[in-house]
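Contents: one structure, followed by commentary.
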DNA sequence: GTGAAAGCGCTAACAG
DNA sequence: CTGTTAGCGCTTTCAC
């Protein structure tokens with residue numbers, strides 16, 4: 001039913017190869033014939049079938065993107081960055097939400113292979129043995145973000161989460177805080193683990209005691225931040241409360257602040273709270289969130305740029321790109 | 001290089017059609033041969049090339065999704081709904097960010113056609129003549145959200161934005177407010193237009209004056225809410241200030257509240273602010289946002305369900321699905 | 001410059 | 001039940 005290259009050829013009175021040539025500018029075609037072909041294309045409103053094209057070219061101009069949780073405000077921004085660059089180079093995005101489930105991710109990785117995507121961007125979460133197998137078994141270029149593996153051959157774009165968390169914690173310490181709690185992310189997630197490591201490192205290095213009662217693990221969502229804070233409030237005596245809380249992301253920080261406020265505690269007067277990411281809400285939240293700003297959009301954009309290079313066989317100037325972060329001082333932390 | 005169905009056939013000592021049959025369970029195959037084929041598939045780690053498959057089947061199991069702005073927290077949640085249902089039925093998502101630009105959207109629509117997607121979900125923004133042409137020219141099933149057209153044949157899933165905005169405004173009125181301003185969305189966006197209409201309707205019906213100085217247009221982003229509020233503050237005398245502001249979405253409401261707070265005005269004591277959408281931040285924001293809750297995830301899920309039905313030739317029980325909304329009373333609006 | 005024909009990897013008649 | 005074969009719509013040698 002749809003019009004094919006054959007129809008165009010017939011209409012223009014030429015061969016299909018000629019049509020293909022003018023469509024792709026792959027070989028010189030006399031201007032007279034070119035015009036006839038173009039006219040036919042227009043008249044029939046022909047649109048090439050990219051499946052057929054891809055099948056012979058072995059190129060789909062498709063990039064698979066795996067995110068753990070698209071509803072987490074971090075990822076849409078990164079995806080926007082990916083999309084923008086990908087589009088610029090003529091690639092489109094096949095999106096998969098893994099819910100952080102490793103089996104789902106593996107399953108999707110297989111689908112991506114079947115769909116013959118030209119490349120894959122895998123955002124955060126862990127890299128398991130199964131992944132390693134996958135890396136071995138396929139030659140689809142892949143770049144990962146927020147999580148460099150030990151494998152030298154898998155390019156990645158990250159920030160230095162450990163150092164960022166170290167700096168954030170040190171910032172809190174420089175403000176005079178000594179009892180600093182942390183609401184961490186899941187420890188099987190690299191960002192979760194690294195940020196916890198950074199916190200630990202800073203505490204240790206400053207000879208500050210880590211009170212395990214002030215340590216809670218969340219899942220990067222608002223609710224888990226709430227729960228963590230509630231638990232701290234419930235289990236820790238008033239006078240033992242931390243003077244500062246470092247949350248592994250802004251969402252959890254916001255959840256924690258809500259609970260604090262609801263319990264008549266003031267932020268930052270009674271307790272300082274520091275976030276991580278600097279999502280859109282951080283500057284407008286009250287108190288405006290003191291946080292670690294990640295170049296979220298750029299993470300996506302750089303990953304996409306890297307992947308495109310990889311796909312097109314260019315050399316990467318560096319396989320691991322570390323992007324800068326900044327501590328943004330706002331109003332949720334105070335000097336004591 | 002990659003292993004094809006031919007390789008499997010050779011390995012198993014059967015014909016390609018037999019391999020195809022066991023892979024698709026399309027025809028009975030003796031269990032002995034089936035086992036041999038499966039063994040070969042495993043041994044060679046064969047993965048069918050879905051391009052070739054799609055080319056002959058004329059079915060890609062791909063759904064194109066067009067969103068105006070993936071960074072707007074509304075859409076990721078809707079996308080999650082789409083993804084979940086689509087996946088359940090074996091479809092994957094091709095994502096496009098249109099930035100609200102109509103030409104970009106049209107361009108993407110063409111790409112989707114070339115990519116032979118089985119269906120399209122188009123979220124919000126307008127439906128122009130060009131779109132109409134597109135609808136005419138293609139037979140790809142499409143469902144639109146947040147924006148029903150006059151075309152009876154294009155299924156959609158929406159909430160009644162006019163009535164929701166009407167109810168929201170009436171709610172404010174019922175609280176005793178008379179000077180109610182509005183920060184609307186772009187009027188060429190259906191949600192923007194309808195919500196403004198609903199506001200207008202409620203005001204008129206309650207014989208309340210609409211002060212044009214209290215009307216500002218934003219673009220659904222936090223910053224535009226800020227700007228709108230700043231402008232109102234700058235141009236309107238203190239004693240003429242509205243007692244309530246209705247923002248066309250939560251982001252703008254949050255932006256507005258920030259400006260109010262920064263200017264020493266209290267929310268809701270001095271000015272009430274009502275939002276729309278109930279994005280994740282609404283309940284945790286301070287003051288917790290009084291808003292109109294849309295079933296965001298469901299909008300995506302229902303749209304996807306509808307589209308799948310359409311693709312698979314099932315009858316739709318209704319072409320237009322109107323989902324319920326609810327006014328959520330929290331702390332950003334007060335009775336005066 | 002242009003056309004004929006092979007083939008990308010798979011499915012689905014059509015025979016047997 | 002199983003194999004042979006003809007395409008799906010396109011690109012690309014290879015001749016002319």
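Chains as they are written, first to last, in full-length UniProt numbering: chain W, 1 to 336; chain U, 1 to 336. Using N, Cα and C, we set each Cβ at its ideal position, and we do this for glycine too. Keep in mind it's a predicted model, so treat the numbers as computed, not measured.
Cβ contact annotation for residue 215 of chain W (same chain, cutoff 6 Å, sequence separation greater than five): 182, in chain order. By the beta-carbon neighbour count (other beta carbons within 10 angstroms, threshold 16), residue 100 of chain U is buried. Sequence-distant partners of residue 173 of chain W (beyond 5 residues in either direction) whose C-beta falls short of 6 Å from its own C-beta, in its chain, are 206.
Identification of residues in the segment 301-320 of chain U having a C-beta nearer than 9 Å to some C-beta of chain W yields an empty set.
By a beta-carbon distance limit of 8 Å, residue 170 of chain W does not contact residue 146 of chain W. Their separation comes to about 22 Å. The Cβ atoms of residue 74 of chain W and residue 168 of chain W do not sit closer than 8 Å to each other. Within chain U, the C-beta atoms nearer than 9 Å to that of residue 60 of chain W come from 51, 115, in chain order. For residue 131 of chain W, the uninterrupted alpha helix (DSSP H) run begins and ends at 129-137, by DSSP. Inter-segment contact for the segment 222-230 of chain U and the segment 248-258 of chain U is present: three or more beta-carbon pairs are separated by less than 8 Å. Beyond the five residues adjoining it in sequence on each side, residue 241 of chain W comes within less than 6 Å, by CB distance, of no other residue in the same chain. Within a 10 Å sphere around the beta-carbon of residue 97 of chain W sit 16 or more other beta-carbons, which makes this residue buried.
Residue 330 of chain U is outside the set of residues whose beta carbon lies under 8 Å from a beta carbon in chain W.
Excluding the 5 residues flanking it on each side, residue 175 of chain W has same chain C-beta neighbours closer than 8 Å at 244, 272, 333, 334, 335, 336, in chain order. Contact holds between the segment 54-64 of chain U and the segment 47-67 of chain W, because three or more Cβ pairs, one in each stretch, are under 8 Å apart.
Each of W/105, W/260, W/72, W/86 was checked against the Cα of residue 227 of chain W, and the nearest Cα belongs to W/260. Residue 66 of chain U is bridged by DSSP to U/96, U/122. By the CB criterion at 8 Å, residue 6 of chain U and residue 16 of chain U fall inside the cutoff. Looking at the DSSP output, residue 217 of chain U shares a beta bridge with U/184. Using beta-carbon distances, residue 36 of chain W does not count as an interface residue toward chain U, since no partner is under 8 Å. Spanning the alpha carbons of residue 110 of chain U and residue 192 of chain U requires a straight line of approximately 26 Å. Legend: CB atoms of the segment 67-78 of chain U lying less than 9 Å from CB atoms of chain W belong to residues 69, 70, 71, 72, 73, 75, 76, 77. Residue 290 of chain W and residue 317 of chain U have their C-alpha atoms roughly 51 Å apart. With respect to chain U, the C-beta atom of residue 260 of chain W has no partner C-beta closer than 8 Å.
For residue 244 of chain U, the enclosing beta strand (DSSP E) starts and ends at 244-247.
Under the Cβ criterion of 8 Å, residue 103 of chain U is not counted among the residues facing chain W.
By the neighbour-count definition (other C-beta atoms within 10 Å, threshold 16), residue 39 of chain U is an exposed residue. Per DSSP, the beta-bridge partners of residue 142 of chain W are W/120. DSSP, reduced to helix, strand and coil, places residue 1 of chain W outside both helices and strands of the structure shown, so it counts as coil. Taken through DSSP and simplified to helix, strand or coil, residue 321 of chain W comes out as strand. Contact of residue 263 of chain U with chain W is not assigned, every C-beta pair being separated by 8 Å or more.
In chain order, 213 place their CB closer than 6 Å to the CB of residue 236 of chain U, counting only its own chain and leaving out the 5 sequence neighbours on each side. Burial of residue 18 of chain W is indicated by the presence of at least 16 other C-beta atoms within 10 angstroms of its C-beta. Cβ-Cβ distances below 6 Å link residue 24 of chain W to nothing in the same chain once the five nearest sequence neighbours on each side are left out.
Rounded to whole angstroms, the Cβ separation of residue 143 of chain U and residue 303 of chain U is 5 Å, and the two are in contact under 8 Å.
Within the segment 255-325 of chain U, the runs of alpha helix (DSSP H) that reach at least 4 residues and sit entirely inside it are, in chain order, 296-311.
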